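Read the structure below first, then the notes.
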Amino acid sequence: MDKDLGVVIAAAGTGTRMKSSINKQYMQISSHPVLSYTIDVFDQLDIVKQIILVVNPNDINYCKKEIVEKYGYKKITNIVEGGKERHDSVWSGLNKIFKSLKKVAVHDGARPLLMPSLIEKLVSEADKWGAAIPYTKPKDTLKSIDGDGFVKETLNRATIASIQTPQVFKLEQIIKAYEKAYKNNSFGTDDASLYEKYIGRVKLVESDYTNIKITTPEDIQLAELYLKKIDTDLTD
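Every number in the working numbering is 894 more than the matching position in the sequence shown, counting from 1.
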């Protein structure tokens, strides 16, 4: 694969559901910050040319000293202030990606257990289709509910996917999608939803359940267990 992938890591969230004074990206998993695991995967991947970190304005100096400089990351070219909403943060990051690059991956800073093989699969599919995103099949029964707390209907799990990041796009196309979204003031809950709305179809790539997003205190414990399993699998 060509070395033509830029990466935007969205790490500007405060994580109110974590109920901690420390932003979730900087909480420790096995003695290292969550964000360091996230960056590691991309920084060590040959196809990655550039990484943009988007963080809370109050965290820029901390992130520079305690994450980027401390761990010696080489591919981070910019640490950018996050915006009011997630799409504002991602847009700020996209504007710093080298225009010579063909593709970009947008990833949640709070997803530290990403596997390199998944990134490579997504990049390969994005080459073919323009956009590719990871998904898992729902394990639980899913139901649509009304505003009064009653079930409206049971949904067919075969037609539903739980979506993760990184989401990989041809750079020129996702930039066009964002430009149209700002022009129409109409956004979505993830980057792929903008692509779907303004550009075209998005290819699904099956992921696994270890690629969790750190959201609640229980997720830290779960991530530590998954990390031990990953380390064991790699050494066997």
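By construction, the Cβ of each residue, glycine as well, lies at the ideal position given by its N, Cα and C atoms. Quick caveat, the model's predicted, so the values are computed rather than measured.
Item	Value
Status (buried if at least 16 other CB within 10 Å, exposed otherwise) for residue 1078	exposed
Any 3 or more C-beta pairs closer than 8 Å across the segment 925 to 942 and the segment 998 to 1014	yes
Beta-ladder partner(s) of residue 1012, from DSSP	The partner list for residue 1012 (beta bridge, DSSP) is empty, contrary to what the question assumes.
Boundaries of the alpha helix (DSSP H) in which residue 984 is found, first to last residue	980 to 988
Collapsed DSSP secondary structure at residue 1139 in the structure displayed	Missing from the structure shown is residue 1139; the chain here goes from 895 to 1130 and no further.
Expected contact under 8 Å - CB spacing of residue 981 and residue 901 to nearest Å	The pair is not a contact, with the Cβ atoms about 17 Å apart (cut-off 8 Å).
Close-in-space but distant-in-sequence residues of the same chain around residue 897 (CB under 6 Å, 5 per side omitted)	941, 943
Beta strand (DSSP E) segment containing residue 972, residue limits	970 to 975
For residue 1115, three-class secondary structure by DSSP	helix
The segment 1080 to 1093 / the segment 1104 to 1115 touching (three or more Cβ pairs under 8 Å)	no
Sheet register partners of residue 956 (DSSP bridge)	Paired residue(s): none; residue 956 is not in a bridge.
Burial state of residue 1044 (16 or more Cβ within 10 Å)	exposed
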